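Step one of this worksheet: look at the structure below.
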Amino acid sequence: MNVETTTSASPDIEAIDTATPVAANRNVASASTTSEAAAARQPTPIPVLPDAQRLNIAASHLDYAIVRGKDDERAIIKDVSLLFPAGKLTVILGASGAGKTSLLNVVAGETRVGKITGAMYLNGQPTTGSNVKKVSGFVHQDDIVLGTMTVLEAITMSAKLRLPHTLSDEDKGQKVQEIIHMLDLTAVQSTIIGTATEKGISGGERKRVMIAMELVTSGACIFLDEPTSGLDSYTAFSVMQLLRRLAASGRTVVATLHQPSSEIFHLIDNLVLLASGEVMFAGSAEHSIEYFARQGFPCPQFSNPCDYYFMSILNTTGTAVSATRRKPSAEETAAAEARIARLLQAWKDSPEHAAIMAEIASPSRTDGITTESFKYMSRFTDQFPVLFSRAGRNAIRNKLIVTAKIGQMTFLGLLLGLTYLNIPDRSFAAQIQDRTGVLFFIAIGMLMASAMGVLTVFSSEKQVFQREFGGGFYGLPAFFFSKVAVELPFQIIMPWLMVSILYFLTGLQKGADKYFIASGLCILMYNSGAAIGMLAACAFDDITVALAIVPLVMIPLMLFSGLFLNSANIPVFLDWIKYISPIKYGFVGMTKNEFTGLKVCPNESDSPILRRVGCQPGEATITNLGFDDQGSIVFNVLILVALWVGLVFLSYLALWRIVRTAKRVDLVVPSTKADKKGGKAAPTAAARAAAAAGQEEELAEVAAKS
1 MNVETTTSAS PDIEAIDTAT PVAANRNVAS ASTTSEAAAA RQPTPIPVLP
51 DAQRLNIAAS HLDYAIVRGK DDERAIIKDV SLLFPAGKLT VILGASGAGK
101 TSLLNVVAGE TRVGKITGAM YLNGQPTTGS NVKKVSGFVH QDDIVLGTMT
151 VLEAITMSAK LRLPHTLSDE DKGQKVQEII HMLDLTAVQS TIIGTATEKG
201 ISGGERKRVM IAMELVTSGA CIFLDEPTSG LDSYTAFSVM QLLRRLAASG
251 RTVVATLHQP SSEIFHLIDN LVLLASGEVM FAGSAEHSIE YFARQGFPCP
301 QFSNPCDYYF MSILNTTGTA VSATRRKPSA EETAAAEARI ARLLQAWKDS
351 PEHAAIMAEI ASPSRTDGIT TESFKYMSRF TDQFPVLFSR AGRNAIRNKL
401 IVTAKIGQMT FLGLLLGLTY LNIPDRSFAA QIQDRTGVLF FIAIGMLMAS
451 AMGVLTVFSS EKQVFQREFG GGFYGLPAFF FSKVAVELPF QIIMPWLMVS
501 ILYFLTGLQK GADKYFIASG LCILMYNSGA AIGMLAACAF DDITVALAIV
551 PLVMIPLMLF SGLFLNSANI PVFLDWIKYI SPIKYGFVGM TKNEFTGLKV
601 CPNESDSPIL RRVGCQPGEA TITNLGFDDQ GSIVFNVLIL VALWVGLVFL
651 SYLALWRIVR TAKRVDLVVP STKADKKGGK AAPTAAARAA AAAGQEEELA
701 EVAAKS
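In full-length UniProt numbering, the protein residues as written are 1 to 706.
Printed below as a string of structure tokens:
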């Protein structure tokens, strides 16, 4: 690593920092105490990125549209030409719906729908959003991360999955510690990030963790969508101050902001103002004040320039904010639209815009694209142990869920056990009816309890998977099978706990073989139910819909399980349902296990006639239920195993469908398109493909060396 560091902040940062509440300690005992406190607050120096690894991104006549139909397109980004220079903090501002996030996603290669045209350049070489994504990190507005991980574990996971396997664990650990130290996370590195039920780190620290997970791959470029969203003023300022320091170290930092404070405005190097998807200004943040004054919009002294821009320039209603909030008149709206249109045209005619176009037309190619810039994609053998370990820690640390599962199985076991207490002491008819009833409710309880539990948990973890998969952390197989493997022990222990409680309370048939067969069948039914819950979580994006669908699916599975309706009397067009019902195979297996070899004897409460008849074989109940031709216990066990495997496979396919349909759209450059204003022909499709292929070859070289 380059030993050169940014040892001091810029004058702007220092001036603002002294005005912060933390710095204003007015009750100090001595000057030395003040000096020590100030020294303790000094940010950790950030290593300067070598020139060969810096990335300058440019966009030329970029258009992005949502395609609604064959001839129906809605333009989101229109004719955008911009520079995103290395070593600068670039902030994109605009009113709601102006296209800030859309522009960020297009440049960063995060766009999932629509059509993109124009040209993009990476260090002067034609490129695409997908190639930019390979050399950059992306921090989303919502911090979706597994909250049971500690700060150290989260960053270490990113390092293990995204750094070359040729690096030793010691080297990766050293890299992680450097990033933690760089982002001032040392004090909280052993603290969990936090969940809905367990408090963790603060919002600002959480945002820094997300940044650290991207920077650990030695990223020379990082994109951030609304990094200050949901943060208080001081925390938002500290996050932006960190981004300014990262940019000063030679990295390309691009962020969207909604309404920055005046302190944050003075941290911005490069400001981009968007209106209706078009650029209204791009350049130095300080220069924007002079530029708009030149256009007849001077910012009042002692005002926040950003507030002025939003209220007086980007305002699309034509009315000032007032307590009445009256609806703007048609004349006011038309005047506002005319003002915005005039300023958009003024930018295209300005010397500042001409300078940007000249820079795009004649870029500096001295740096080039280095192989160190590209991210590394780990192998399945690297991913599985990391994800297995993480899933295991998550399962154990989720104490509320573990406690709920144990409580659920204990409650069901006690409820059924006490309800059907000592079945052999009951009357002859009651023994048969109650044994059949408890076996059926065991089957229902196994499926319903596991299905609903897995559905709620996996739905939330699916969001984490989608975010991390999209960020290139790992592949689908490693995530899915590590999750299944970790859950398997819990899906064995929980049903065994329930059946152990109720088996001896109810007085089911004695014998170790009977008990273990019943336990095995319960475990298989529980796992089948868990697979149904997982399938529902993967198949439906909205958990509310999934929670409504699962009970509807369970009803026919219960109805045609063999208790409520004899198998011979099921309507032909519904007969197929019994063949896919885990409840049916579990109930048949439990019934045959319980009643085979059982002697049902009358007691004193029965009639004298029954007492004279004496004990009856349990096999008669199997015949009365129509289970004689439903296969042996082994057959039903094998079918349950097959159903579990099939449901797990369908869950995998459902998750694969989500991954497949979430593919990102990339830049398309028509071969005949010429620059709309600059007279410079855009790269042909062949030229762009050749350049992109060149970058792909460099990426392949990195993979080969790894």
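Note that beta-carbon positions come from the ideal geometry of N, C-alpha and C, so glycine has one too. Owing to the predicted nature of the structure, the values given are computational and were not obtained by experimental measurement.
Name, in chain order, the residues that DSSP records as bridge partners for residue i.
i	result
Q616	V600
V279	L274
Y64	I77 and I116
D72	G69
D225	T256
I125	Residue identity check: residue 125 is Gln in the sequence provided, not Ile. L122, per the DSSP bridge assignment.
V645	None, per the DSSP bridge assignment.
T90	V254 and N270
A58	L83 and Y121
G137	I222
T150	I192
S284	N270
L667	I116
Indicate whether residue i and residue j have their beta-carbon atoms separated by less than 8 Å.
i	j	result
D382	H181	no
V188	E205	yes
E594	L439	yes
K462	A391	no
V135	I155	no
P592	I633	One detail in the question is off: residue 592 reads as Lys in this sequence, not Pro. For K592 and I633, yes; Cβs fall inside 8 Å.
Q431	P424	yes
M120	T127	yes
F573	A443	no
G445	L488	no
G631	G562	no
L89	L243	yes
I532	A451	yes
K115	V553	no
Who are the near neighbours of residue i in its chain, counting only those whose CB is closer than 6 Å to its CB and skipping five residues on each side?
i	result
N569	none
L639	A small fix is needed here, since residue 639 is Ile in this sequence, not Leu. Around I639: Y585.
S158	M213 and V216
A703	In this prediction, A703 scores a pLDDT of 38, lower than 50, which makes its location untrustworthy; the coordinate-derived value is nonetheless stated afterwards. There are no such residues.
A255	V91, L224 and P227
E73	A65 and V67
F473	L161
Y420	D434, V438 and T506
For residue i, I'd like the list of residues in its chain whose CB is within less than 8 Å of its CB, leaving aside the five on either flank, ordered along the chain.
i	result
G97	none
G194	G147, G200, I201 and R206
L565	L559
K676	For K676, the predicted model reports a pLDDT of 42, less than 50, meaning its position is unreliable; a value from the coordinates is still stated below. Excluding residues within five positions, the ones whose Cβ falls inside 8 Å are H61 and D79.
D513	none
M280	L273, L274, I313, L314, I340, L343, L344 and W347
Looking only at its own chain, which residues have a Cβ that is under 7 Å from the Cβ of residue i, when we skip the five neighbours before and after it?
i	result
T228	A236, V239, M240 and L257
I179	I155, A212, L215 and V216
A59	V80, S81, L82, V107, G118 and M120
Q295	L343 and A346
L49	A220, S249, G250 and R251
R426	D434
V659	F469 and L476
Spell out whether any CB of chain B is found under 8 Å from the CB atom of residue i.
i	result
P260	Protein chain content of the structure displayed is limited to a single chain, and chain B is not contained in it.
Contact defined as beta carbons within less than 8 Å: I believe residue i pairs with residue j. What is the distance between those atoms, to the nearest angstrom?
i	j	result
T150	S190	6 Å
D307	A285	D307 to A285, Cβ: 14 Å. No contact.
L185	V209	7 Å
Y291	E352	7 Å
L273	L93	5 Å
S312	F297	6 Å
A86	L122	In fact, because the Cβ distance is near 11 Å, the residues do not count as touching under 8 Å.
Should the region 449-463 be regarded as contacting the region 540-550, the criterion being three or more beta carbon pairs within less than 8 Å? yes
With contact counted as at least three CB pairs below 8 Å, one residue from each stretch, are the region 462-481 and the region 397-405 in contact? no
Cβ contact (3+ pairs, closer than 8 Å) linking the region 463-470 and the region 577-586: no
Closer than 8 Å is the cut-off here; do at least three beta carbon pairs connect the region 217-228 with the region 103-119? yes
Evaluate contact between the region 57-68 and the region 77-90, counting only Cβ atoms and requiring at least three cross-stretch pairs below 8 Å. yes
Across the region 651-658 and the region 535-543, are there enough close Cβ pairs to call them in contact, namely three or more that are closer than 8 Å? yes
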